[in-house]
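So the sequences go chain by chain: H and E.
Be aware that the first sequence starts at 1, since it is given in my numbering, and climbs by one per residue.
Be aware that the second sequence starts at 309, since it is given in my numbering, and climbs by one per residue.
Positions of the beta carbon are idealized from the N, C-alpha and C atoms, including for glycine.
Report on the structure given below.
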Amino acid sequence: MAVQTQTTGSQLRRRSTRRWQEHGIKGLLFLCALLSIVVTVAIVAVLAREAFTFFRSVRVWDFLFGTRWTPLLEPRSFGVLPLLSGTFLIVVGAAMIGIPIGLASAVYLSEYASARVRGIVKPILEILAGIPTVVYGYFALTFITPLLRFVLPQTNIFNAASASIVVGIMVLPMVASLCDDALRAVPDSLRQGAYAVGATHMEVSTRVVVPAALSGVVASFVLALSRAVGETMAVTIAAGASPRLTLNPIQSIQTMTAYIVQVSLGDTPAGTIGYQTIFAVGALLFVITLVANIAGHMILRRFREVYE
Amino acid sequence: MNMVLESTANLARRRLKARLFHLSCMALTWLCLVMLAVLLIHATRQGLPWLDVQFLRDFPSRFPERAGIKSALYGTLWLISLTAAFSIPIGVAAAIYLEEYAKRSRVNSLIEISLANLAGVPSIVYGILGLTIFVRWLGLGRSVMAGAMTMSLLILPIIIIASREALRAVPDSIRQAASALGATQWQTIRHHVIPSALPGILTGTILALSRAIGETAPLIMIGALTYVAFVPKGPMDAFTALPIQIFNWVSRPQQEFHELAAAGIVVLLAVLLLMNAAAVIIRHRSQRNRL
Numbered sequence: 001m002a003v004q005t006q007t008t009g010s011q012l013r014r015r016s017t018r019r020w021q022e023h024g025i026k027g028l029l030f031l032c033a034l035l036s037i038v039v040t041v042a043i044v045a046v047l048a049r050e051a052f053t054f055f056r057s058v059r060v061w062d063f064l065f066g067t068r069w070t071p072l073l074e075p076r077s078f079g080v081l082p083l084l085s086g087t088f089l090i091v092v093g094a095a096m097i098g099i100p101i102g103l104a105s106a107v108y109l110s111e112y113a114s115a116r117v118r119g120i121v122k123p124i125l126e127i128l129a130g131i132p133t134v135v136y137g138y139f140a141l142t143f144i145t146p147l148l149r150f151v152l153p154q155t156n157i158f159n160a161a162s163a164s165i166v167v168g169i170m171v172l173p174m175v176a177s178l179c180d181d182a183l184r185a186v187p188d189s190l191r192q193g194a195y196a197v198g199a200t201h202m203e204v205s206t207r208v209v210v211p212a213a214l215s216g217v218v219a220s221f222v223l224a225l226s227r228a229v230g231e232t233m234a235v236t237i238a239a240g241a242s243p244r245l246t247l248n249p250i251q252s253i254q255t256m257t258a259y260i261v262q263v264s265l266g267d268t269p270a271g272t273i274g275y276q277t278i279f280a281v282g283a284l285l286f287v288i289t290l291v292a293n294i295a296g297h298m299i300l301r302r303f304r305e306v307y308e
Numbered sequence: 309m310n311m312v313l314e315s316t317a318n319l320a321r322r323r324l325k326a327r328l329f330h331l332s333c334m335a336l337t338w339l340c341l342v343m344l345a346v347l348l349i350h351a352t353r354q355g356l357p358w359l360d361v362q363f364l365r366d367f368p369s370r371f372p373e374r375a376g377i378k379s380a381l382y383g384t385l386w387l388i389s390l391t392a393a394f395s396i397p398i399g400v401a402a403a404i405y406l407e408e409y410a411k412r413s414r415v416n417s418l419i420e421i422s423l424a425n426l427a428g429v430p431s432i433v434y435g436i437l438g439l440t441i442f443v444r445w446l447g448l449g450r451s452v453m454a455g456a457m458t459m460s461l462l463i464l465p466i467i468i469i470a471s472r473e474a475l476r477a478v479p480d481s482i483r484q485a486a487s488a489l490g491a492t493q494w495q496t497i498r499h500h501v502i503p504s505a506l507p508g509i510l511t512g513t514i515l516a517l518s519r520a521i522g523e524t525a526p527l528i529m530i531g532a533l534t535y536v537a538f539v540p541k542g543p544m545d546a547f548t549a550l551p552i553q554i555f556n557w558v559s560r561p562q563q564e565f566h567e568l569a570a571a572g573i574v575v576l577l578a579v580l581l582l583m584n585a586a587a588v589i590i591r592h593r594s595q596r597n598r599l
C-alpha cells in the first residue's frame with residue numbers, strides 16, 4: 001500500500017514537471033512567433049522616427065510634389081518626384097516584359113504542356129528566380145546596355161530601359177508561378193464545358209480559364225510589380241545615379257532604392273538632413289510596397305471564385 | 309450553302325488563331341530558357357579566363373591581375389553560418405507554434421498579418437532596420453554579427469512559410485496515434501511531427517539560405533562595402549561578402565574589373581547551384597521514402 005502511494009506520488013510529480021515543461025516550450029515557441037510582430041513594429045518605428053525629424057525641416061508637400069532632388073548638394077532641394085518617376089519607369093518597363101511572358105508561360109504550362117515539359121520548365125523558372133539581383137545588374141550593364149546602344153546609339157551608358165528589362169526577367173518567374181497555380185485551380189469541368197460547345201483550345205484558355213482565374217492572375221501582377229518597386233541592385237548598377245524627372249527610358253535616372261544605396265555608400269554623417277533623407281525615402285518605399293502587397297492579398301482573397 | 313462556306317472559313321480562321329496562340333505561348337516559355345542560357349554563357353565567357361586557384365586565394369586588389377575573392381569567400385561563409393544559427397531555430401520554432409499550437413486569437417492573427425507583410429518588404433528596408441538597430445543602437449558596428457542578424461530577419465519569413473508548409477503536410481493520423489499512446493503534445497511534435505516534416509523544412513531552409521547568400525542591398529546598407537584584405541577572425545570583425553565584392557567590381561569603369569566580377573559571379577552561381585541541387589536531392593529522396 002505504502003509502496004503504491006509512493007509510486008503514484010512520484011508519477012504525479014513527474015507528470016506535473018512534464019506539464020510545466022510543456023507550458024515552457026509552448027511559451028518559448030510563442031515568443032519566436034511573436035518576433036514577426038516585433039520586427040514589423042521595429043521597421044515602422046525606425047522609419048517613422050527619423051522621417052519625422054526630416055519632416056520637421058522639410059514640408060511634406062515639398063517632399064512629395066517637389067520636382068528637384070538634390071539633397072546632398074547646394075542649393076538643397078527635397079522633391080522626391082524625380083526618384084518616383086525613376087521607379088515608375090522601371091516598374092512600367094518590368095511590367096511590359098514580365099507580365100506578358102510570365103502569363104504566356106503560365107498558360108502554356110497549365111493548359112498545353114505535357115508533364116515532361118513542365119518538369120523541365122518549372123526548374124528553369126526556379127533557377128531564374130534564384131539568381132541574385134547583383135548578377136542581373138551585371139547582366140544589364142555588360143550585355144543588355146551594349147545591345148541597346150547598338151540599336152539606339154544615343155542611349156546613355158546608364159539607362160532605365162536596360163535595368164527595367166532585367167527587372168522584368170527577375171519578376172517573370174513570380175508571375176508565371178503564381179498564375180500557373182491560379183490557372184491550375186480552375187476545375188476541368190469548365191474547360192470541358194467550353195470544348196463541348198465547340199471552343200478551340202485558345203478560346204478555352206483565354207475566354208474561360210484565364211477569366212475564371214482572374215483574381216489570382218491580377219494578384220500575381222500586383223505582387224510582382226511591388227517586387228519591382230523594391231528591387232535595388234540591378235537598378236543601382238544599370239540605371240544610373242541621376243535623379244531626373246523624365247519618362248525617357250534611354251536616359252540615366254535614379255530610383256528610390258538606388259538613392260538609398262548611394263547615400264549609404266557615401267560618407268554622409270548620421271544626424272544630418274542628408275542622412276535623414278534615406279529614412280524619408282525608405283518610409284515612402286515601405287508604404288508603397290505595403291499598400292501594393294495588401295492590395296494583392298486582398299484581390300486574391302476577395303475575388304477568389306470558390307470551386308467545389 | 310453560302311452559310312456553310314462562311315462558317316467553314318470562320319472555323320479555319322479560328323483554328324489558325326488557336327495554332328498561332330499555342331505557338332507563341334510555347335515560344336515565350338522557351339524564351340525563358342534562352343535568357344537563362346544567354347546570361348550564364350555571357351558570364352562564363354567573360355569570367356572564365358580569370359578563374360583560377362589564384363583568384364580564390366588572393367585578396368582584392370587595385371590591380372586586376374592580382375585581385376581575388378579570398379576575403380569575400382570567408383566573409384560569405386561566416387555570414388551564412390551565423391545567419392543559419394540565428395534564423396533556423398527561431399524560424400522553425402515559430403512555424404511549429406503557428407501550425408501546432410496557435411488557436412484563433414487576436415495576437416495570432418496579428419502574427420499572421422505581419423508575417424505576410426514581412427515577406428513582401430523590400431530587402432533594402434531590412435538594411436535600414438539593421439543599420440539603425442544592430443549597427444548603431446546595439447553598437448555592433450559593421451561586423452559579421454550585424455550582417456548576420458540583419459540577414460536573419462530578412463529570411464525568417466521565408467523559413468517560417470516553408471516550414472509551415474512542411475508541417476502542414478504531415479498527416480494528422482500521426483499526431484492522433486501519438487496522442488492515443490499517451491504522448492504529450494510536445495512529445496508528439498518532437499518525436500513524430502518534426503522527423504517526418506524534416507525533409508521539407510530542410511529544403512525550404514536551404515533555399516532561404518541561398519537567397520541570403522545572393523542578397524546584396526542590406527549588406528551595403530549596414531556598411532559592408534569596404535576594402536577588406538583580411539579574413540574575419542571572429543563575429544565582431546569587419547567583413548566583405550561575395551555579392552558585395554561583385555558589386556564593387558561591377559561599379560568600376562574598367563573592363564578588367566567587369567571580367568573579374570564575371571568570375572566572381574561564376575563562383576557565386578556555382579555555390580548557389582550546389583545548394584539548390586542539395587535541396588532537390590533531399591526533396592526527391594523524401595518523396596521516394598514516403599511511398
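Answer yes or no: does any C-beta atom of chain C fall closer than 8 Å to that of residue i?
i, result
"H/A104", "Within the model displayed, chain C is absent; protein chains H and E are what it includes."
Near residue i, which residues of its chain fall below 8 Å by C-beta distance, leaving aside the five closest residues on each side in sequence?
i, result
"H/A312", "Residue 312 of chain H is absent from the structure shown; chain H starts at 1 and stops at 308."
"H/E203", "A194"
"E/E408", "L475, Q493, I497 and V501"
"E/V572", "Reading off the sequence, residue 572 of chain E comes out as Gly, not Val. Hits under 8 Å: G355, I377, A380, L550, Q553, I554 and W557."
"H/L152", "I250"
Cβ closer than 7 Å: which chain H residues qualify as neighbours of residue i?
i, result
"E/Q493", "E22"
"E/L423", "S36"
"E/R322", "T200"
"E/L446", "Ordered by position in chain H, no residue passes the 7 Å Cβ test against E/L446, which lies about 12 Å from the chain."
For residue i, collect the residues of the same chain with a Cβ closer than 6 Å to its Cβ; drop the 5 residues on either side in sequence, then sort them by chain order.
i, result
"H/M1", "Note that H/M1 scores 45 on pLDDT, short of 50, meaning its location in the model is unreliable; the coordinates nonetheless yield the value given after this. Within the same chain, H/M1 has no close Cβ partners at all."
"H/P71", "F78, G274 and T277"
"H/V263", "I278"
"H/E50", "Q276 and F279"
"E/L599", "Because the pLDDT at E/L599 is just 46, under 50, the model does not fix this residue reliably, and the value given afterwards should be weighed accordingly. There are no such residues."
Spatial neighbours of residue i within its chain, please: CB distance less than 7 Å, with the 5 preceding and 5 following residues excluded, ordered by chain position.
i, result
"E/Y382", "V539 and P540"
"E/A549", "A380, G383, T384, L387, L527 and A532"
"H/A163", "I90, A140, A234, V235, A238 and A239"
"E/N416", "A410"
"H/I157", "T145"
"E/A454", "G438, F442, V443, L448 and I530"
"H/A129", "P173 and M174"
Comparing alpha-carbon positions, which option in the options lies nearest residue i?
i, options, result
"E/P543", "E/V452, E/Q495, E/S559 and E/S594", "E/V452"
"H/G137", "H/G168, H/A196, H/I120 and H/N293", "H/G168"
"H/S110", "H/W20, H/T87, H/V135 and H/A176", "H/A176"
"H/V208", "H/I165, H/I124, H/V107 and H/I157", "H/V107"
"E/L348", "E/A454, E/W557, E/L577 and E/L517", "E/L577"
"E/A505", "E/A477, E/I467, E/S487 and E/V433", "E/A477"
"E/Q553", "E/Q562, E/L568, E/P561 and E/E564", "E/L568"
"E/S413", "H/S10, H/F30 and H/T200", "H/F30"
"H/T142", "E/T316, E/A326 and E/E564", "E/E564"
"E/E420", "H/I253, H/T40 and H/S205", "H/T40"
"H/F88", "H/N248, H/G9, H/S220 and H/N293", "H/N248"
So residue i contacts chain E; which residues on that side make the cut at Cβ distance below 9 Å?
i, result
"H/F221", "Going along chain E, no residue has its Cβ under 9 Å from H/F221, so there is no contact; the nearest lies around 14 Å."
"H/S226", "G428 and P430"
Going along chain E in order, which residues have a C-beta closer than 7 Å to the C-beta of residue i?
i, result
"H/F143", "H350"
"H/Y195", "Ordered by position in chain E, no residue passes the 7 Å Cβ test against H/Y195, which lies about 12 Å from the chain."
"H/C32", "I398, A401, A402 and Y405"
Which bits of chain E does residue i rub up against, with CB to CB less than 8 Å?
i, result
"H/M170", "Those within 8 Å of H/M170 in chain E number zero; the least Cβ separation is about 11 Å."
"H/L285", "P430, I432 and V433"
"H/T232", "P430, S431, I432, T524 and A525"
Going along chain H in order, which residues have a C-beta closer than 8 Å to the C-beta of residue i?
i, result
"E/K325", "T200 and M202"
"E/N584", "E126, I127 and G130"
"E/H592", "Going along chain H, no residue has its Cβ under 8 Å from E/H592, so there is no contact; the nearest lies around 12 Å."
Worksheet item: In the region 71-137 of chain H, which residue ranges form an unbroken beta strand (DSSP E) of at least 3 residues, counting only runs that do not cross its ends?
Response: none
Item to complete: Please name the residues in the region 550-573 of chain E whose beta-carbon is closer than 8 Å to at least one beta-carbon of chain H, in chain order.
Response: P551, I554, F555, V558, S559, H566, A569, A570 and I573
Worksheet item: In the region 374-407 of chain E, which residues sit with their C-beta less than 7 Å from some C-beta in chain H, listed in chain order?
Response: I398, A401, A402, I404, Y405 and L406
Discussion item. By the 9 Å beta-carbon criterion, what residues does the region 427-438 of chain E contribute toward chain H?
Written reply: A427, G428, V429, P430, S431, I432, V433, Y434, G435, I436 and L437
Worksheet item: Quick one, which residues of the region 115-138 of chain H are near chain E if we go by CB-CB under 9 Å, in chain order?
Response: V117, I120, V121, P123, I124, L125, E126, I127, L128, G130, I131, P132, T133, V134, V135, Y136, G137 and Y138
Practice prompt. Check distances from the C-beta atoms of the region 449-461 of chain E to those of chain H and list, in chain order, the residues that come in under 7 Å.
Written response: L461
Worksheet item: Residues in the region 499-518 of chain E with C-beta within 7 Å of chain H's C-beta atoms, listed in sequence order?
Response: S518
Fill in: Residues of the region 251-280 of chain H with Cβ closer than 8 Å to any Cβ of chain E, in chain order
T257, I260, V261, S264, L265, A270, I278 and F279
Discussion item. Output needed in chain order: residues of the region 522-533 of chain E with a Cβ under 8 Å from some Cβ in chain H.
Written reply: G522, E523, T524, A525, I528, M529, G531 and L533
Item to complete: Note down, one range per segment and in chain order, each beta strand (DSSP E) of at least 3 residues found wholly within the region 470-505 of chain E.
Response: none
Worksheet item: Going along the chain, which unbroken runs of the beta strand (DSSP E) with 3 or more residues stay wholly within the region 165-213 of chain H?
Response: none
Worksheet item: Can you list, in chain order, the residues of the region 41-56 of chain H whose Cβ is nearer than 9 Å to any Cβ on chain E?
Response: V41, A42, I43, V46, L47, R49 and E50
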